[in-house]
Amino acid sequence: MTTRRASRAGLDRPRCLGLAIAACLGLMGARGACAEEYRLDVGDVIEISVAGMPELRQRVPVQLDGSISMPRLGRLQVAGTTAGETQAMVQSVLSSQLLRQRMPDGRELAFTVEPREIAATVVEYRPIYVDGDVSRPGEQPYRPLMTARQAISMAGGYNLVRFGAKSPTSEAADARGEYEIAAADLAKEQANIARIRRELGDRDAAVPPPASAVPRQMLLEIQKSQADLYEVNQADYQRERSFLRRGTDQLVAQTQILTRLQSEEEQGVTADKAELDRLTELLNRGAVVSQRVTDARRNVLLSSTRNLQVTAQLMLATKQKDEFARQMERTDDLRRVKLLTELSDRLAKAEQLKARGRALKERMALLSAQPEEVPGWRRVPTVSLVRRMPGAGRVRIPASEDTELCPGDVVEATLRSQADVAANPVAANP
Numbered sequence: 061m062t063t064r065r066a067s068r069a070g071l072d073r074p075r076c077l078g079l080a081i082a083a084c085l086g087l088m089g090a091r092g093a094c095a096e097e098y099r100l101d102v103g104d105v106i107e108i109s110v111a112g113m114p115e116l117r118q119r120v121p122v123q124l125d126g127s128i129s130m131p132r133l134g135r136l137q138v139a140g141t142t143a144g145e146t147q148a149m150v151q152s153v154l155s156s157q158l159l160r161q162r163m164p165d166g167r168e169l170a171f172t173v174e175p176r177e178i179a180a181t182v183v184e185y186r187p188i189y190v191d192g193d194v195s196r197p198g199e200q201p202y203r204p205l206m207t208a209r210q211a212i213s214m215a216g217g218y219n220l221v222r223f224g225a226k227s228p229t230s231e232a233a234d235a236r237g238e239y240e241i242a243a244a245d246l247a248k249e250q251a252n253i254a255r256i257r258r259e260l261g262d263r264d265a266a267v268p269p270p271a272s273a274v275p276r277q278m279l280l281e282i283q284k285s286q287a288d289l290y291e292v293n294q295a296d297y298q299r300e301r302s303f304l305r306r307g308t309d310q311l312v313a314q315t316q317i318l319t320r321l322q323s324e325e326e327q328g329v330t331a332d333k334a335e336l337d338r339l340t341e342l343l344n345r346g347a348v349v350s351q352r353v354t355d356a357r358r359n360v361l362l363s364s365t366r367n368l369q370v371t372a373q374l375m376l377a378t379k380q381k382d383e384f385a386r387q388m389e390r391t392d393d394l395r396r397v398k399l400l401t402e403l404s405d406r407l408a409k410a411e412q413l414k415a416r417g418r419a420l421k422e423r424m425a426l427l428s429a430q431p432e433e434v435p436g437w438r439r440v441p442t443v444s445l446v447r448r449m450p451g452a453g454r455v456r457i458p459a460s461e462d463t464e465l466c467p468g469d470v471v472e473a474t475l476r477s478q479a480d481v482a483a484n485p486v487a488a489n490p
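In this note's numbering, each residue carries its 1-based index in the sequence shown increased by 60.
Printed below as a string of structure tokens:
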């Protein structure tokens, strides 16, 4: 077993110098916002290398318990230390060990290394996270001296459409479509109102001129459908009235017949009673037999029964005639109540559609202007950071797009309207 300390000192000086420069650059990577205070934490990746021994080059992540682990090095607790402190610990451990290297000819060399031949650099920092009004929210790799603006750019930039907000062009198209729908609905309601007024007896009811947004073909179809509906309703109403009128006329004729029949039956009853009285007087004189009196009494009973039956039929027919007349009146009343209720509802809906149409026209006028001409349209970017601070946990930090980030930061990027910013300027400029 031989020692290579002296020989390696001369042969590997250029390589050691390169590693030292790389280590310095790695340690200087977090200058700016995090250069002074940044300390390693869970998720950082450290690359450990020894000059002249590529097989010992290895990347190790900081585990959940804050330690790193690799052969020959064992386990070191590095969470909370700076990159320089971590490198010093790695150099102290490896420089105190006897390392072995197998040569191509099969020989095995044992040697030690100088601390300056050992490098421990942070090659990957904890990722940052971008959230809010961006195209691709989520995890992004951290780069030294990265700003919030760069992180937002890596996340696809601001994107209002993803979160429901729309551009002036799309909003103008939507407003135009909504206005055309409202205009068509208003034309339909106005046609219904004119039709209802005609059914109520206003023959001069006319449809107001529709908005220009309603296609002529659609307007003609609406008017035709309302005219057809008017004809159908009128025909049904007239059929119902004709049915009730026919029933009433039939009952009137029936009551007239029954009235005449009742009068005739009453005359028959009177005649039969007079005949019974005459025969009874003759029977008392002994001029007739009792059978004649019995027959006369039977005739009186039959005529009285027929008279009662006719009277009952007349009363029933009179009742039915009154019911038909009331049903005709009720049909007219119910139809009028229904039409008045529908007219009231459609008038209210027409007013709502008019108000909506006016609002949409104003909205289209605003959207047709240039964005700078519309008060409150411009969007103001607002950025804040959520950062894990030693001893304080995660805290929200005021920031701007040019704020330098630290590993593990959460960037919250939002776009707010000028009106919102004017109402709450503190939130826009934390």
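Glycine is no exception: its CB is placed at the ideal position from the N, C-alpha and C atoms.
Please report the straight-line C-alpha distance between residue i and residue j, rounded to a whole angstrom.
i, j, result
"Ala356", "Leu336", "5 Å"
"Met206", "Leu159", "39 Å"
"Pro441", "Phe171", "59 Å"
"Gly216", "Thr401", "56 Å"
"Asp332", "Arg366", "13 Å"
"Arg406", "Tyr218", "45 Å"
"Gln151", "Gly468", "27 Å"
"Ala194", "Leu426", "The displayed chain sequence assigns Val, not Ala, to residue 194. In a straight line, the C-alpha of Val194 is about 26 Å away from that of Leu426."
"Glu240", "Val267", "18 Å"
"Ala80", "Val105", "Confidence in Ala80 is poor, its pLDDT being 41 and thus under 50, which makes the residue's placement unreliable; the coordinate value appears in the next sentence. Cα to Cα, the separation comes out at about 18 Å."
"Ala415", "Leu399", "24 Å"
"Gly237", "Thr391", "43 Å"
"Arg358", "Ala334", "13 Å"
"Pro121", "Val446", "23 Å"
"Leu289", "Arg476", "52 Å"
"Glu168", "Pro201", "42 Å"
"Gln286", "Gln369", "53 Å"
"Leu343", "Gln327", "24 Å"
"Asp382", "Asp296", "23 Å"
"Ile457", "Pro204", "19 Å"
"Glu107", "Arg119", "4 Å"
"Arg196", "Asp462", "20 Å"
"Ser350", "Glu325", "26 Å"
With the cut-off set at 9 Å, would you say residue i and residue j are in Cβ contact?
i, j, result
"Ile20", "Leu116", "For residue 20 there is no data in the structure shown, the boundaries of the chain being 61 and 490."
"Gln380", "Leu311", "yes"
"Met214", "Val190", "yes"
"Ala235", "Met278", "no"
"Val443", "Ala208", "yes"
"Ala273", "Ala243", "yes"
"Gln294", "Leu374", "no"
"Ala413", "Glu249", "It is worth fixing the name first, because residue 413 is Leu in this sequence and not Ala. Yes, Cβ-Cβ distance for Leu413 and Glu249 is below 9 Å."
"Ile256", "Leu403", "yes"
"Tyr98", "Ala143", "yes"
"Met424", "Arg301", "no"
"Val138", "Thr146", "yes"
Going by DSSP in three states, residue i sits in which element: helix, strand or coil?
i, result
"Ser195", "coil"
"Val353", "helix"
"Met88", "Low confidence applies to Met88: its pLDDT is 38, below 50, so where it sits in the model is not reliable enough to give any reading."
"Gly451", "coil"
"Leu136", "strand"
"Tyr185", "coil"
"Val190", "strand"
"Arg299", "helix"
"Tyr202", "coil"
"Gln373", "helix"
"Glu461", "coil"
"Ser491", "Lying before the first or after the last residue shown, residue 491 is absent from the chain, which here runs from 61 to 490."
"Tyr218", "strand"
"Arg99", "coil"
"Ser230", "helix"
"Thr442", "strand"
"Ser404", "helix"
"Ala80", "In this prediction, Ala80 scores a pLDDT of 41, lower than 50, which makes its location untrustworthy; the coordinate-derived value is nonetheless stated afterwards. Three-state result, Ala80: helix."
Is residue i buried or exposed, if buried means 16 or more other CB atoms sit within 10 Å of its CB?
i, result
"Asp101", "buried"
"Glu259", "buried"
"Gln157", "exposed"
"Thr330", "exposed"
"Asn252", "buried"
"Thr181", "buried"
"Ser109", "buried"
"Glu177", "buried"
"Thr354", "exposed"
"Arg91", "Bear in mind that a pLDDT of 41 at Arg91, under 50, signals an unreliable position, so the number given afterwards is only what the model happens to contain. Counting Cβ neighbours within 10 Å, Arg91 comes out exposed, since fewer than 16 surround it."
"Val471", "buried"
"Leu124", "exposed"
Please look up how many angstroms separate the CB atoms of residue i and residue j, rounded, as I've assumed it's under 8 Å.
i, j, result
"Ala473", "Ile212", "5 Å"
"Leu362", "Arg352", "Incorrect: roughly 16 Å between the Cβ atoms, too far for contact."
"Gly103", "Gly126", "No, Gly103 and Gly126 are not in contact; Cβ-Cβ is about 11 Å, not under 8 Å."
"Ser155", "Val183", "Contact flag wrong, Cβ pair sits at about 21 Å."
"Ala385", "Thr308", "6 Å"
"Gln161", "Met113", "6 Å"
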